[in-house]
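Novice:
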Amino acid sequence: MLLGLDFDNTLISYDRLFHKVAFERAWIPETVAPEKNAVRDYLRAAGREDDWTLLQGIVYGSRILEAEPYDGVLTTLDRLTREGVAMRIVSHKTKTPYRGEPCDLHGAARQWLDRQGFHDRRRLGWAEDAVFFELTKQDKVARIVELGCTHYVDDLPEILEMLPDHIGKIHFAPNAAAPARPEWPTLRAWAALPALIGLS
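One rule links them: number in my numbering = place in the sequence shown (from 1) + 149.
This is how it looks when you write it as C-alpha cells:
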C-alpha cells in the first residue's frame, strides 16, 4: 500500500487564516463566515478578484505558518506511520504568487510541514523526499501514478477524476452533505481514514 495525500485544503486548513488576513486589511466585514470560500465569494461579488488573488499569495506564502492542520490529521498520520503505511504528499502549487510580493510558495509549505513535525524523528519522522509539489494538475497526477500510489486523498473531485481506475480515490470533504461520486468514499473526519484503507 502507498497512500498519497494532497496538501492544500486537505492536510492544512486555511479557513480561519483567510478570514483573519482579509479582515486585517479591511477587505471584508467581520460578519463574513470564517471560511476560505466565504471570503472568496464576498470579494468576487464585490468585483475584487485582484484582491482575492493577492490574498491567496499572502496566505499560502508569508502567513502560511499561522494556518492549522485539520483536526485529527497529525494523530491519524502518526498512527498510520506506526502501522507501517507508506505515505507521500503530492500537491500542485505554483512556485510564486500571481500577485504581490515574491515568495517561494513551495518553500513556505515545506516550512509549515517542518513546524508541524512531519520530518521530526520524535514525531512523524517522514523523509523530506516524501513530499512533492508539482506546478500543474497534470504533473501532479503523473507523479501520483509514477510513485505507484494505491490510494489517494484529495479535496478536489477534478483531481480524483483524472486518476486511473486502479487507484483508490478518497474524497476529503468535511462538510459534504452527500458523496461527490457514489463510488468514492467520502472522508469527513481524519480519524475515519484508517478504516477507509482497510485498517481496523
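Cβ coordinates follow ideal geometry from the N, Cα and C atoms, glycine included.
Given a threshold of 16 other Cβ atoms within 10 Å of its Cβ, counted over all protein chains shown, does R248 qualify as buried or as exposed?
Specialist: Here residue 248 corresponds to residue number 99 of the sequence shown, with the count starting at 1. When all chains shown are included, R248 counts as exposed.
Novice: Around the C-beta of D278, are 16 or more other C-beta atoms found within 10 angstroms, so that it is buried, or is it exposed?
Specialist: Sequence index remark: in the sequence shown, residue 278 carries index 129 (1-based). Looking at its Cβ environment, which holds fewer than 16 other Cβ atoms inside 10 Å, D278 is exposed.
Novice: Should K289 go down as buried or exposed, given a rule of 16 or more other Cβ atoms within 10 Å for buried?
Specialist: Working through the sequence shown from its first residue, we reach residue 289 at position 140. Buried is the call here.
Novice: In the DSSP assignment, find the beta strand (DSSP E) that holds D155 and state where it starts and stops.
Specialist: For the purposes of this step, residue 155 is identified with residue 6 of the sequence shown, where counting begins at 1. Looking at the DSSP string, D155 is not in any beta strand (DSSP E), and its letter there is neither H nor E.
Novice: Look up D303 in the DSSP assignment and give the residues it is bridged to.
Specialist: Here residue 303 refers to the residue found at position 154 of the sequence shown. Bridge partners of D303: H320.
Novice: Within a Cβ cutoff of 6 Å, which residues of the same chain sit near P251, ignoring the five residues on either side of it in sequence?
Specialist: Within the sequence shown, numbered from 1, the residue matching residue 251 stands at position 102. T245.
Novice: So the candidates are T225, E332 and D304; which of them puts its Cα closest to the Cα of L348?
Specialist: Within the sequence shown, the letter at position 199 stands for residue 348. That would be T225, whose Cα lies nearest to the Cα of L348.
Novice: In its own chain, which residues sit with a C-beta less than 7 Å from the C-beta of F172, not counting the 5 before and 5 after it?
Specialist: Looking up residue 172 in the sequence shown gives position 23. So the list reads E179, once near-sequence residues are dropped.
Novice: Counting C-beta neighbours from all protein chains within 10 Å, is the total for Q287 16 or more, i.e. buried, or is it exposed?
Specialist: The residue given as residue 287 occupies position 138 in the sequence shown. So Q287 ends up on the exposed side.
Novice: Spell out the partners DSSP gives M236 in its beta bridges.
Specialist: Position 87 of the sequence shown, counted from the start, is the residue given in the question as residue 236. Answer is L152.
Novice: Could you give the residue range of the beta strand (DSSP E) that holds F267?
Specialist: Along the sequence shown, one-based indexing puts residue 267 at 118. First-last for F267: undefined, no H or E at that position.
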